[in-house]
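Just so you know, we're using our numbering here: the sequence shown kicks off at 525 and counts up by one. Using N, Cα and C, we set each Cβ at its ideal position, and we do this for glycine too.
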Amino acid sequence: MIHRILRAFVAALALCAGTAYAQSLADLAITKTDGATSVTAGTPVTYTITATNAGPSGVTGATVADTLPAAITGATWTCVGAGGGSCTASGSGNLNDLVNLPAGASVTYTLTGTVSPSATGTLSNTATVAAPGGVTDPTPANNSATDADTILTGADLAVTLTDGVTAVAPGSAVTYTLTASNAGPVAVTGATVADTLPASLSGVTWTCVGSAGGSCTASGSGNLNELVNLPVGAAVTFTITGTLSASATGTLSNTATITAPGGVTDPNAANNTATDTDTISAVPVASTPQAVPTLSELALVLLGALMGLTWWRRQRKA
Numbered sequence: 525m526i527h528r529i530l531r532a533f534v535a536a537l538a539l540c541a542g543t544a545y546a547q548s549l550a551d552l553a554i555t556k557t558d559g560a561t562s563v564t565a566g567t568p569v570t571y572t573i574t575a576t577n578a579g580p581s582g583v584t585g586a587t588v589a590d591t592l593p594a595a596i597t598g599a600t601w602t603c604v605g606a607g608g609g610s611c612t613a614s615g616s617g618n619l620n621d622l623v624n625l626p627a628g629a630s631v632t633y634t635l636t637g638t639v640s641p642s643a644t645g646t647l648s649n650t651a652t653v654a655a656p657g658g659v660t661d662p663t664p665a666n667n668s669a670t671d672a673d674t675i676l677t678g679a680d681l682a683v684t685l686t687d688g689v690t691a692v693a694p695g696s697a698v699t700y701t702l703t704a705s706n707a708g709p710v711a712v713t714g715a716t717v718a719d720t721l722p723a724s725l726s727g728v729t730w731t732c733v734g735s736a737g738g739s740c741t742a743s744g745s746g747n748l749n750e751l752v753n754l755p756v757g758a759a760v761t762f763t764i765t766g767t768l769s770a771s772a773t774g775t776l777s778n779t780a781t782i783t784a785p786g787g788v789t790d791p792n793a794a795n796n797t798a799t800d801t802d803t804i805s806a807v808p809v810a811s812t813p814q815a816v817p818t819l820s821e822l823a824l825v826l827l828g829a830l831m832g833l834t835w836w837r838r839q840r841k842a
């Protein structure tokens, strides 16, 4: 009798153990993407990370982790659950969060950071989900997900310079238009626009306006040596005015440059310099018109009378 009771007890324990084992299986999975194949250095990047549980058992305390690469700075994240899933609502920096995932549930993180302006190569980021102790994941291959993007670097800065003429006269005013632009792919903060003006120009002043987000100092005088900010597609335009020396001869040559700040590479240095050259030539001074001699009113009356008398005498002779 006792043996039968013991066998029944052992069988019940085995059944419970089997049930517990069946309930401790949970197929956890994770996906990660930023929706792109390339990122630009110096710009924001946003990842979507989703952890799911296909069951059959629910899971309490699974770990979702994402150790961000050093090239990503200022990271923050938010999280929402679905199907009964729960997670920490928000945080910053690396992700290391305990989540609860009933069978069929999910949690989704939105993680945003900035790619370092000096980053190069490939931006690779891996997220993982791990089952808690006592839970077996039958398919661990889907417990890790990696997103890899090519990092686009550099900024194609360019400068143009013109005064709109090919010849200037000594003593005349000269006005240059200098335009600096950024064709990307990276936005630039603190590029240097410089123009050391010829010694034959005096009284130089300048103004500047930005377009498409470009910014610069509004006005100044003398040589140009300014820090400008140029988002991709932006430009700044300087208008520089001075007076050419009255004794100037030969040619008037002026060169402007733009230089990328530290940490930014310009893939096309050829368009970082622009020169405007004019011939200095004196403009002929028009001679003063000479006065045309005229008669006084009395002389004109006498001349008219004389002509009338002459006509009368000719008529009588006829």
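- Separation of the CB atoms of Ala-715 and Val-752 is rounded to 5 Å, and the pair is thereby assigned contact status at 8 Å.
- Note: Cys-740 is not bridge-paired with any residue in the DSSP secondary-structure output.
- The C-beta distance from Ile-782 to Val-683 rounds to 4 Å, short enough to fall under 8 Å.
- Per the Cβ contact rule, the segment 730-739 is not in contact with the segment 660-670 (fewer than 3 Cβ pairs under 8 Å).
- The criterion of a C-beta distance shorter than 7 Å is satisfied by Thr-767 and Ala-697.
- The C-beta of Leu-824 has fewer than 16 other C-beta atoms within 10 Å across all chains shown, which makes the residue exposed.
- A contact is defined here as three or more CB-CB pairs under 8 Å, and the segment 579-597 fails this definition with respect to the segment 721-730.
- Inter-residue distance for Ile-554 and Thr-797 is about 51 Å (C-alpha atoms, whole angstroms).
- In this structure, the beta-carbon distance from Pro-709 to Leu-676 falls below 7 Å.
- Close CB contacts of Ala-772 within its chain, under the 6 Å cut and outside five residues either way in sequence, are with Pro-694, Ser-724 and Ile-804 (chain order).
- Taking every protein chain shown into account, the CB of Val-588 has 16 or more other CB atoms within 10 angstroms, so this residue is buried.
- Between Ala-655 and Lys-556, the gap from beta carbon to beta carbon reaches 7 Å or more.
- In this structure, Thr-638 lies near Thr-597, with their beta-carbon atoms less than 7 Å apart.
- For the segment 699-768, there is no continuous alpha helix (DSSP H) assignment of 4+ residues that stays within its boundaries.
- Around the beta carbon of Trp-601, a 10 Å sphere encloses 16 or more other beta carbons of the protein chains shown; the residue is thus reported as buried.
- For Asn-666, same chain residues with a beta-carbon under 6 Å away, outside a window of 5 residues either side, are Ala-553 in chain order.
- Note that the C-beta distance between Thr-570 and Thr-636 is below 7 Å.
- For Arg-838 and Glu-821, the gap between their C-alpha atoms comes out near 26 Å.
- A Cβ-Cβ contact shorter than 7 Å links Leu-685 with Ala-780.
- In the DSSP annotation of this structure, the continuous segment of the beta strand (DSSP E) that includes Ala-575 starts and ends at 568-580.
- For the set Ala-784, Ala-575 and Val-563, the Cα lying nearest the Cα of Val-653 is the one of Ala-575.
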